[in-house]
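Colleague: What follows is a single structure, and I will ask about it in a moment.
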Amino acid sequence: MSLYDHFLAELEQEAIATRQFLANIPADQLDWQPHPKSLTIGQLGLHIASAPSAILNMLSEDRFEVPDFNKGPRENPESLQHIQDAFEQSVADFKAAAATLSDEYLSSTWTIVTADDQDMLALPRYAAIRSLLFNHLYHHRGQLGVFLRLIGATVPSAYGPSGDQLPEWAEQHAAQ
36 MSLYDHFLAE LEQEAIATRQ FLANIPADQL DWQPHPKSLT IGQLGLHIAS
86 APSAILNMLS EDRFEVPDFN KGPRENPESL QHIQDAFEQS VADFKAAAAT
136 LSDEYLSSTW TIVTADDQDM LALPRYAAIR SLLFNHLYHH RGQLGVFLRL
186 IGATVPSAYG PSGDQLPEWA EQHAAQ
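Spelled out as structure tokens, the structure:
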């Protein structure tokens, strides 16, 4: 099994939960944010949605300059559908692009550098995908779960029942 096959299996599995989290963002509250220093819930959703293809774009060069996070506001989604469509496109782009990558390429070194070209971190591309895509995605999906809870929206299940699903889940499994 190739490295790509492992990543594809994980992405397809995790995309199921991610779709549920994104679908639960209230379309009329995309501008809501828990704190002035936080992203809005819409911006966070769009950040999650764009992660798969954005990470592969970052890995296309051997050296990647850390972005200036103070560069201005993030993109605001036009609608909830915009977020959901962006996620589907990003997953499709990841699958198509990553399918062409060999294990040799994925094992080659990729380096994050500062604006003045100082090395910050060097690691194999497959490790960057693990950290910058999957771990990053899980981090922000968890953050989105907190945002959903704070605004009173339903928090879906990721790996087991959420507090919203627990009574129903417990009842179903008690009968078995």
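Under my numbering, the residue at position 138 of the sequence shown is numbered 173, and the numbers go up by one with no gaps.
Beta carbons are placed, not taken as given, at the ideal position from N, Cα and C, and that holds for glycine.
Taking all protein chains shown into account, do 16 or more other C-beta atoms lie within 10 angstroms of the C-beta of THR75, making it buried, or fewer, making it exposed?
Modeller: Buried is the call here.
Colleague: How about ARG98: is its Cβ closer than 7 angstroms to a heavy atom in the ligand GDP?
Modeller: The ligand GDP is absent from the structure shown, which contains no ligands of any kind.
Colleague: List the residues that DSSP assigns as beta-bridge partners of ASP154.
Modeller: Its beta-bridge partners are VAL148.
Colleague: From the DSSP output, in three-state form, read off PHE129 for me.
Modeller: Helix.
Colleague: Would GLY195 be called buried (16 or more neighbouring beta carbons within 10 Å of its own) or exposed?
Modeller: It counts as exposed.
Colleague: Rounded to whole angstroms, what's the CA-CA distance from GLN64 to SER85? Just pull it up for me.
Modeller: GLN64 and SER85: Cα-Cα distance of roughly 20 angstroms.
Colleague: With burial defined as no fewer than 16 other Cβ atoms inside 10 Å of the residue's Cβ, what is the status of VAL101: buried or exposed?
Modeller: Exposed: under 16 other Cβ atoms inside 10 Å.
Colleague: Checking 8 angstroms against the spacing of the C-beta atoms, do THR149 and ALA157 come in under that value?
Modeller: Cβ distance not < 8 angstroms, so THR149 and ALA157 don't count as in contact.
Colleague: Looking at C-beta atoms only, is the number of pairs between the segment 167 to 182 and the segment 77 to 91 that lie closer than 8 angstroms three or more?
Modeller: Yes, they touch.
Colleague: Would PRO112 be called buried (16 or more neighbouring beta carbons within 10 Å of its own) or exposed?
Modeller: PRO112 is buried by the Cβ-count criterion.
Colleague: Does DSSP put GLU100 in a helix, in a strand, or in coil?
Modeller: Here GLU100 sits in strand by DSSP.
Colleague: So, for ASP103: in the same chain, excluding its five sequence neighbours on each side, which residues have a beta-carbon less than 7 angstroms away from its beta-carbon?
Modeller: There are no such residues.
Colleague: What do you get for GLN116, buried or exposed, if any count of 16 or more other CB atoms within 10 angstroms of its CB means buried?
Modeller: Under this definition GLN116 is an exposed residue.
Colleague: Quick check: what's the CA-CA separation for ARG109 versus SER73?
Modeller: Distance between the alpha carbons of ARG109 and SER73: 11 angstroms.
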